[in-house]
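S.K.:
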Amino acid sequence: MIAAYIDELIMAFAGLWMTSVGFGYLPLPGGAASQPGWVTTVAGHFKWMGPLLLVIAIALAIAS
296 MIAAYIDELI MAFAGLWMTS VGFGYLPLPG GAASQPGWVT TVAGHFKWMG
346 PLLLVIAIAL AIAS
């Protein structure tokens, strides 16, 4: 029971972080100049992956 709540909290915080990085509110860790090209491509997908993760976390919280 408690493990499910912890899992949902981790998913919610990860979703918030991914959304913030995707929309440019937070920088990528390590600086953008030292990142390979694929990292910025993946970070661009955070714009839809972060909100999706938040929706999944909220749905799991409602279901439990």
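Residue numbers (my numbering): 296 to 359.
Even glycine gets a Cβ: it sits at the ideal position worked out from N, Cα and C.
(1) To the nearest angstrom, how far is it from the Cα of S315 to the Cα of I297?
(2) By DSSP, does G310 sit in helix, in strand, or in coil?
(3) Assign L348 to one of two classes, buried (16 or more other C-beta atoms within 10 Å of its C-beta) or exposed (fewer than that).
(4) Out of curiosity, what's the CA-to-CA distance linking F341 and M313?
(5) Is G345 closer than 7 Å to G319 when the C-beta atoms are compared?
M.R.: Working from what's here:
(1) Translated into positions along the sequence shown, residue 315 becomes position 20. Translated into positions along the sequence shown, residue 297 becomes position 2. About 27 Å.
(2) Within the sequence shown, residue 310 is the residue found at index 15, counting from 1. In the structure shown, G310 sits in a helix (DSSP, three-state: H, G or I).
(3) If you number the sequence shown from 1, residue 348 lands on position 53. L348 comes out buried.
(4) Stepping through the sequence shown from its first residue, residue 341 is reached at position 46. Stepping through the sequence shown from its first residue, residue 313 is reached at position 18. The straight-line gap from Cα to Cα measures roughly 5 Å.
(5) Here residue 319 is taken as the residue at index 24 of the sequence shown, counted from 1. Here residue 345 is taken as the residue at index 50 of the sequence shown, counted from 1. Going by C-beta atoms, G319 is not nearer than 7 Å to G345.
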